[in-house]
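Asks: Dumping the structure here so I can ask a few things about it.
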Amino acid sequence: MGESKRRREQLGEKYGQAEPILPWLPITKQQSQDFMKWTSRGTWAMIIVVIAFWITLRFIGPSLGWWSLVD
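Take the sequence shown: its letter number 16 is residue 20 in my numbering, and every next letter is one higher.
Encoded structure:
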């Protein structure tokens, strides 16, 4: 009997299901990887938004007469 069959018999219904990170935490490894991927993308998107806002406020704003926002 191969290792796969042995493992399938040993795990029973749990065979092929995603493993949780910790036994008491109902989050799977794939869910945690997806969370990290999306939070990283969101962080970089917000960094770009902040930089664009700063450039607008600092350089474009004064040329349009928005001095009250800069001072």
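For every residue, glycine included, the Cβ atom is placed at its ideal position computed from N, Cα and C.
Among Q14, E17, G69 and Q37, whose alpha-carbon lies nearest the alpha-carbon of I25?
Replies: Of Q14, E17, G69 and Q37, the residue nearest in Cα terms is Q37.
Asks: Return the first residue and the last residue of the alpha helix (DSSP H) that I64 is part of.
Replies: First-last for I64: undefined, no H or E at that position.
Asks: Going straight from the alpha carbon of I52 to that of W42, what length do you get?
Replies: Approximately 15 Å, taken between the alpha carbons.
Asks: Rounded to the nearest angstrom, how far is the Cβ of A49 from that of Q34, given a contact under 8 Å?
Replies: Not confirmed; about 23 Å, so no contact.
Asks: Give a yes or no on whether the C-beta atoms belonging to Y19 and R12 are separated by under 7 Å.
Replies: A contact, by the Cβ cut-off of 7 Å.
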